[in-house]
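Visitor: Just dropping this structure here.
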Amino acid sequence: AQFARNKSKQQKKTLNIYQTGEDEPYLRTLQVSAAIPDAIKNEKFTLVYQPQVRKTDHQILSCEALIRWQDPELGFVSPAEFIPLAEQSGHIFAITQWVLRESLQQIGKWQKVLPELGLSVNLSGADLAEPGLLDVIFSALADAQVLATSLTVEVTESAVVNDPEQAIEQLTKLRAAGIQVAIDDYGTGYSSLAQLRGMPATELKIDRSFIMHLASQETDKTIVQSTINMAHKLGLKVVAEGVEDEDTAKLLASYQCDVLQGYWFSKPLTVDDFEQWINKE
Ligand code: C2E
Ligand code: MG
Ligand code: MG
Ligand code: MG
Numbered sequence: 480a481q482f483a484r485n486k487s488k489q490q491k492k493t494l495n496i497y498q499t500g501e502d503e504p505y506l507r508t509l510q511v512s513a514a515i516p517d518a519i520k521n522e523k524f525t526l527v528y529q530p531q532v533r534k535t536d537h538q539i540l541s542c543e544a545l546i547r548w549q550d551p552e553l554g555f556v557s558p559a560e561f562i563p564l565a566e567q568s569g570h571i572f573a574i575t576q577w578v579l580r581e582s583l584q585q586i587g588k589w590q591k592v593l594p595e596l597g598l599s600v601n602l603s604g605a606d607l608a609e610p611g612l613l614d615v616i617f618s619a620l621a622d623a624q625v626l627a628t629s630l631t632v633e634v635t636e637s638a639v640v641n642d643p644e645q646a647i648e649q650l651t652k653l654r655a656a657g658i659q660v661a662i663d664d665y666g667t668g669y670s671s672l673a674q675l676r677g678m679p680a681t682e683l684k685i686d687r688s689f690i691m692h693l694a695s696q697e698t699d700k701t702i703v704q705s706t707i708n709m710a711h712k713l714g715l716k717v718v719a720e721g722v723e724d725e726d727t728a729k730l731l732a733s734y735q736c737d738v739l740q741g742y743w744f745s746k747p748l749t750v751d752d753f754e755q756w757i758n759k760e
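Residues 480 to 760 (UniProt numbering) are what the sequence shown spells out, left to right.
Below, the structure written as structure tokens:
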């Protein structure tokens, strides 16, 4: 039944593309998709880093690497646009390898000044199906001289649904090596609680959609507060994403949410801006 449900969901998605009646978005999709191999080959991507801060004193603990692609012809291509296309075309693992190497090199440099600074990197479901993933991560760590315990991999609940056994096996090996595993966008996936039970996770990132209206929505307060309590009972660290104002930051701190991330503290920053931000803090 679960398979049938997934399938009908996918069919609906496909239909939507054709039902828009506009050629333009579809054309853009084709162009972006076609440009991905060249963007990989010629390293046209850059990374920005968004600080993650401690709930109490807002000290920086870690940062999340987020990919950016500014193309001379296509303009700004957001990751929400091209990551799914790279997944479909089988190019995502090449991108992930670049992100891992690049961000770990950068963290290696920053750790000379901030030895405790952590790094989070987003993985796609398709990456978890790659037998070479562990070797890639371990060699990127070794080359950058960064400890495994500094690295967190972020996976969404949906990243695990395609081949849960294989995905969980890989994540378990990463955990055994000291790498942290975060469940990204928690609460938005299919059957979040069931997913949680089988995941070798160390951290739970509550999705921005629950945080956005937190200060004004009683339902969201209840959901977020009980999610934090549940996560703590399961031994998980909790991160809130999309914290955009002081009221929300204060509420989350009062709920004992461990780590806060969002525009209120900082947008994702280029290397230069990140260094300036650190000096200022
Ligand atoms: P995500 O991993 O959940 O990343 C958080 C997204 O929320 C980022 O969008 C970030 O810029 C945005 N954000 C952070 N704080 C706030 C806030 O206070 N308000 C609002 N409105 N937004 C905030 P971004 O960089 O556009 O990335 C979107 C998604 O693309 C990411 O969601 C992730 O799923 C994917 N992604 C980004 N970089 C990579 C990557 O290197 N590899 C993979 N596989 N996926 C990536
Ligand atoms: Mg993430
Ligand atoms: Mg997220
Ligand atoms: Mg998200």
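Using N, Cα and C, we set each Cβ at its ideal position, and we do this for glycine too.
For a test of your reading of the model: does the CB of residue 684 fall under 7 angstroms from any non-hydrogen atom of ligand 5? Yes or no.
Guide: Only ligand 1, ligand 2, ligand 3 and ligand 4 can be found as ligands here, which leaves ligand 5 out of the picture.
Visitor: For residue 663, count neighbouring Cβ atoms within 10 angstroms of its own Cβ and tell me buried if that reaches 16, exposed if not.
Guide: buried
Visitor: Which of the three DSSP states is assigned to residue 516 in this structure?
Guide: helix
Visitor: Taking the beta strand (DSSP E) that residue 685 belongs to, which residues open and close that run?
Guide: 682 to 685
Visitor: From this set, 625, 698, 654 and 666, which residue's C-alpha is nearest residue 637's C-alpha?
Guide: Among 625, 698, 654 and 666, the Cα nearest to that of residue 637 belongs to 666.
Visitor: Counting beta carbon pairs with one atom in the segment 710 to 725 and one in the segment 676 to 696, are three or more of them shorter than 8 angstroms?
Guide: yes
Visitor: Cβ of residue 622 within 7 angstroms of any heavy atom in ligand 2?
Guide: no
Visitor: Does ligand 1 have even one heavy atom less than 7 angstroms from the beta-carbon of residue 741?
Guide: Yes, since a heavy atom of ligand 1 falls inside the 7 angstroms radius drawn around the Cβ of residue 741.
Visitor: Spatial neighbours of residue 743 within its chain, please: C-beta separation below 8 angstroms, excluding the five flanking residues on both sides.
Guide: 722, 723, 724, 725, 727 and 728
Visitor: Leaving out the 5 sequence neighbours to the left and right, which residues in its chain are closer than 8 angstroms to residue 623 when beta-carbon positions are compared?
Guide: Closer than 8 angstroms at the Cβ level, and outside the excluded window around residue 623, lie 580, 583, 584, 586 and 587.
Visitor: How is the beta strand (DSSP E) around residue 539 delimited, first residue to last?
Guide: 539 to 550
Visitor: With respect to 7 angstroms, is the separation between the Cβ of residue 737 and the closest non-hydrogen atom of ligand 2 below this value?
Guide: no
Visitor: Could you give the DSSP three-state label for residue 600: helix, strand or coil?
Guide: strand
Visitor: Is the separation between the beta-carbon of residue 616 and that of residue 573 shorter than 8 angstroms?
Guide: no
Visitor: On the three-pair Cβ rule with 8 angstroms, is the segment 542 to 559 touching the segment 501 to 519?
Guide: yes
Visitor: Which residues in the same chain have their Cβ closer than 8 angstroms to the Cβ of residue 593, if we skip the five residues on either side of it in sequence?
Guide: 539 and 757
Visitor: Tell me whether residue 745 is buried or exposed, calling it buried when 16 or more other Cβ atoms sit within 10 Å of its Cβ.
Guide: buried
Visitor: Express the C-alpha separation of residue 731 and residue 578 in angstroms, rounding to a whole number.
Guide: About 30 angstroms.
Visitor: Rounded to whole angstroms, what's the CA-CA distance from residue 626 to residue 700? Just pull it up for me.
Guide: Each residue's Cα considered, the two are about 36 angstroms apart.
Visitor: Leaving out five residues before and five after residue 628 in sequence, what residues of the same chain have Cβ atoms less than 6 angstroms from its Cβ?
Guide: 657
Visitor: Buried or exposed for residue 751, going by 16 or more other Cβ atoms inside 10 Å?
Guide: With fewer than 16 Cβ atoms within 10 Å of its Cβ, residue 751 is classed as exposed.
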